[in-house]
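If you read the sequence shown in numbering that gives the first Met the number 0, its first letter stands for residue 0, the second for the next number, and so on. The structure appears right after this line, and notes come after that.
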Amino acid sequence: MTGETLQQQALQAELIQASAPNDDMLSRIGHVTRMLHDSLQGLGLDKILEQVAQDIPDARDRLAYVARMTEQAAERVLNATDAAIPLQDELASGATALQQRWKAVLAEPSLKSEYNLAADETLAFLAMTGKHTAETKALLMDIMMAQDFQDLTGQVIKKITGLAQDLEKQLVQVLVDFSPAKPKKDGEANKVESNDAALLMNGPQIDPTVADVVASQEQVDDLLDSLGF
Numbered sequence: 000m001t002g003e004t005l006q007q008q009a010l011q012a013e014l015i016q017a018s019a020p021n022d023d024m025l026s027r028i029g030h031v032t033r034m035l036h037d038s039l040q041g042l043g044l045d046k047i048l049e050q051v052a053q054d055i056p057d058a059r060d061r062l063a064y065v066a067r068m069t070e071q072a073a074e075r076v077l078n079a080t081d082a083a084i085p086l087q088d089e090l091a092s093g094a095t096a097l098q099q100r101w102k103a104v105l106a107e108p109s110l111k112s113e114y115n116l117a118a119d120e121t122l123a124f125l126a127m128t129g130k131h132t133a134e135t136k137a138l139l140m141d142i143m144m145a146q147d148f149q150d151l152t153g154q155v156i157k158k159i160t161g162l163a164q165d166l167e168k169q170l171v172q173v174l175v176d177f178s179p180a181k182p183k184k185d186g187e188a189n190k191v192e193s194n195d196a197a198l199l200m201n202g203p204q205i206d207p208t209v210a211d212v213v214a215s216q217e218q219v220d221d222l223l224d225s226l227g228f
């Protein structure tokens with residue numbers, strides 16, 4: 000017997016010895032999985048988890064819609080405010096200039112005539128215009144500053160949607176292992192065992208229109224049975 004053969008035999012013996020603890024660990028994990036699977040079915044928690052996993056995408060979509068609509072509304076208000084402020088500034092400056100011109104004209108006694116009444120009314124209007132434009136500008140600034148709610152609500156909603164996505168992923172992973180059994184059509188039962196490993200990676204069939212995902216608990220049962228658990 001050569002030295003190389005002895006080394007190979009020694010290596011095989013070490014591998015067999017090292018695999019023994021792994022086999023024991025796999026056996027323990029399998030029994031725990033079977034126990035948890037049976038407990039979930041007995042308590043009806045598998046159906047609850049399935050319903051929650053179906054409701055989370057809808058809630059996430061609604062929150063995303065709220066965030067999108069508030070963002071659009073805030074942008075519209077900000078754009079309108081940006082457009083209105085220059086108009087108010089132009090109106091206020093024009094009213095002030097016209098008011099000063101009328102005052103200069105009426106300061107000359109020789110120019111006072113039948114236009115005095117119209118001039119007085121114009122001056123009153125210009126004074127009111129300047130006051131109202133200043134008030135309107137202040138209101139527009141308040142509207143602009145009030146749009147900070149969108150940043151706050153947007154951040155909160157994004158955090159909630161992110162949390163919902165993470166929770167959904169965890170629930171989907173649970174459903175991959177513990178989803179309730181569903182009846183199969185004739186001729187489909189024989190295809191389960193050969194596709195166990197690949198189909199279990201696809202997750203539960205949350206969207207019924209997708210054909211390449213699986214929601215049957217029978218695959219988990221078959222896999223556990225094939226492993227002896």
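Glycine is no exception: its CB is placed at the ideal position from the N, C-alpha and C atoms.
Straight across, the Cα-Cα distance linking alanine 79 with aspartate 141 is about 13 Å. For alanine 106, there is no enclosing alpha helix (DSSP H), as DSSP marks it with neither H nor E.
Around glycine 153, the same chain offers Ala66, Thr69, Glu70 as residues with beta carbons nearer than 8 Å, after the five sequence neighbours per side are excluded. Alanine 58 and lysine 158 have their C-alpha atoms roughly 13 Å apart. Looking at Ala117, Gln146, Thr128, Leu151, the one whose alpha-carbon comes closest to that of glutamate 89 is Thr128.
By the beta-carbon neighbour count (other beta carbons within 10 angstroms, threshold 16), isoleucine 28 is exposed. Counting only residues of its own chain and dropping the five nearest sequence neighbours on each side, lysine 136 has a CB closer than 7 Å to the CB of Ile84, Gln87.
Within the same chain, no Cβ atom closer than 6 Å to the Cβ of aspartate 119 is found once the five residues on either side in sequence are excluded. Classified as exposed, alanine 106 has fewer than 16 neighbouring CB atoms from the shown chains inside 10 Å of its CB. Annotated three-state conformation of glutamine 146 is coil, per DSSP. If you draw a 10 Å sphere on the C-beta of alanine 73, you find 16 or more other C-beta atoms in it, and that means buried. Ranked by how close their Cα comes to the Cα of leucine 77, the residues Leu97, Ala145, Gln99 have Ala145 in first place.
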